[in-house]
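Residue numbers (full-length UniProt numbering): 1 to 265.
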């Protein structure tokens, strides 16, 4: 796969859409700065309704030239989707990894994933992730976080997309979990020309799985935080999610992941 110096030639953009969670954001930001892979830029787009995130970030800006901070002035809307899109539009890196402001990376995450994305036939790299609570304590696995392999493994993208649709299980992970090329993605939360609002991660993964192979690393390389401040924890989003599952199945059928007979089940 090449030595570390060759790997470091590729710029990785770590994209942090921020919203009113300065304490969690500090943990996320520190985890990005602690990466063993050093050729990174960190882009923070602040959708907050107050200046607490800006106040927390400002001391970092004078110390780290690879951190870029943008204050939106007010929330851009759509459950934070527009903010995530803005992050992507500002990215200069060839490779992209989102880091949601309440999640965190393990220090070798980017380094271990970049080596696989060096293979042009690979379009998406992910790993096992853990769930943590507001205090950072690890929560038990759920079906979606259990490992799908005990060794690093390369899969056919169509095979994984089909499995994800038929099980309706996001075993690939949240946006924080995976690394991909900027040129390969249709857009944040986009699949087959449709903008998803709830199942944005599954939509992106299916879009990327159309374009190449999939790599799964069974080592836990990131953590996804479960807490009360999350925008996606309300009933309205739950209803939207059920509707979007149907859209995913329909779009997945159009893309060739599943057959029409499977769509009707």
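We put the CB at the ideal spot given by N, CA and C, even for glycine.
Reference residue i; option with closest CA among the options
i           : options            : result
residue 206 : 179, 251, 223      : 251
residue 218 : 153, 16, 72        : 153
residue 71  : 16, 93, 34, 122    : 16
residue 190 : 60, 114, 247       : 247
residue 101 : 136, 18, 61        : 18
residue 21  : 249, 227, 263, 238 : 227
residue 161 : 145, 124, 257, 224 : 257
residue 261 : 85, 46, 166, 57    : 166
Beta bridge counterpart(s) of residue i as assigned by DSSP
i           : result
residue 17  : 45
residue 60  : Looking at the DSSP assignment, residue 60 forms no beta bridge with any residue, so it has no partner.
residue 190 : 195
Residues near residue i in its chain [Cβ-Cβ closer than 8 Å; skip 5 each side]
i          : result
residue 68 : 41, 42, 43, 44, 90
residue 2  : Confidence at residue 2 is low in this model, with a pLDDT of 39, below 50, so its placement is unreliable and no value can be given for it.
residue 11 : 39, 40, 41, 92, 93, 94, 95
Sequence-distant residues of the same chain with beta carbon closer than 7 Å to residue i, five excluded per side
i           : result
residue 168 : 245
residue 143 : 169
residue 33  : 64
Integer Cβ distance of residue i from residue j, believed to fall under 8 Å
i           : j           : result
residue 81  : residue 88  : With 8 Å as the limit, residue 81 and residue 88 do not qualify as a contact, their Cβ atoms being about 11 Å apart.
residue 254 : residue 164 : Residue 254 to residue 164, Cβ: 16 Å. No contact.
residue 209 : residue 241 : The pair is not a contact, with the Cβ atoms about 20 Å apart (cut-off 8 Å).
Spatial neighbours of residue i in its chain, beta-carbon cut-off 6 Å, leaving aside the 5 residues before and after
i         : result
residue 6 : Only weak support exists for where residue 6 lies, its pLDDT of 46 falling under 50; the value from the coordinates is given anyway. There are no such residues.
- Flag this pair as touching only if the segment 180 to 191 and the segment 154 to 171 have three or more C-beta atom pairs under 8 Å; answer yes or no. A contact between stretches requires three or more CB pairs, one per stretch, nearer than 8 Å, and the segment 180 to 191 fails this requirement with the segment 154 to 171.
- Task: Count the C-beta pairs between the segment 106 to 117 and the segment 18 to 29 that are closer than 8 Å, then say yes if the count reaches three, no if not.
- Result: no
- On the three-pair Cβ rule with 8 Å, is the segment 75 to 85 touching the segment 126 to 134? no
- Query: Just checking, does the segment 192 to 208 make contact with the segment 163 to 176 on the three C-beta pairs under 8 Å criterion?
  - Reply: yes
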